[in-house]
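Peer 1: Residue numbers (UniProt numbering): 1 to 141.
Just so it is clear, CB atoms sit at the ideal spot from N, CA and C, and this is done for glycine as well.
Computed from a predicted model, the values in this text were never measured in an experiment.
Below you can see the structure in the form of structure tokens.
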């Protein structure tokens with residue numbers, strides 16, 4: 001299942017045409033692609049680090065810009081929680097996947113925008129006790 005899912009994601013990426021796409025479309029696509037490959041979670045440990053390293057190398061390969069590892073280093077918790085938020089849903093509570101946080105992260109990385117990457121913004125609801133450190137273990141993929 002892991003191999004099939006990754007094969008599907010990479011085939012979709014292989015067929016994606018970056019030409020004539022706006023910055024917004026490219027960043028949205030990179031955010032979705034990153035979320036999709038992270039969602040597979042093939043390793044017991046290190047999935048976020050592996051995904052971060054891969055996507056940095058892939059962005060360089062695509063020629064989308066010089067890679068600045070500082071944003072990953074300085075915002076590693078935000079990046080990981082943004083990946084969780086992009087994949088988590090609880091329809092009974094009205095919670096749906098949201099990749100806007102990944103979009104902000106990649107926009108800051110690729111366009112040098114200045115979105116505030118505040119980990120507290122990733123909480124679903126302030127009144128809920130559960131935070132994203134707990135939710136990652138609940139995600140069934």
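Which residues in the same chain as residue 60 place their Cβ atom closer than 6 Å to its Cβ, once the five residues preceding and following it in sequence are excluded?
Peer 2: Looking up residue 60 in the chain shown gives position 60. 67.
Peer 1: Assuming residue 124 contacts residue 95 under a Cβ cut-off of 8 Å, what Cβ separation, rounded to an integer in Å, is found between them?
Peer 2: Numbered from its first residue, the chain shown carries residue 124 at position 124. Numbered from its first residue, the chain shown carries residue 95 at position 95. Right, their Cβ atoms sit about 5 Å apart.
Peer 1: Taking the alpha-carbon positions, what's the residue 113 to residue 39 distance?
Peer 2: Counted from its first residue, the chain shown places residue 113 at position 113. Counted from its first residue, the chain shown places residue 39 at position 39. Whole-angstrom Cα-Cα distance: 26 Å.
Peer 1: Among 88, 87, 105 and 7, whose alpha-carbon lies nearest the alpha-carbon of residue 77?
Peer 2: Along the chain shown, read from residue 1 onward, the residue named residue 77 stands at position 77. Closest option to residue 77, Cα to Cα, is 105.
Peer 1: Can you name the start and end residues of the alpha helix (DSSP H) that residue 60 belongs to?
Peer 2: Against the chain shown, residue 60 aligns to sequence position 60. Start and end: 47-62.
Peer 1: State buried or exposed for residue 74, treating a residue as buried only when at least 16 other CB atoms are found within 10 Å of its CB.
Peer 2: Position 74 of the chain shown, counted from the start, is the residue given in the question as residue 74. By the 10 Å Cβ count, residue 74 comes out exposed.
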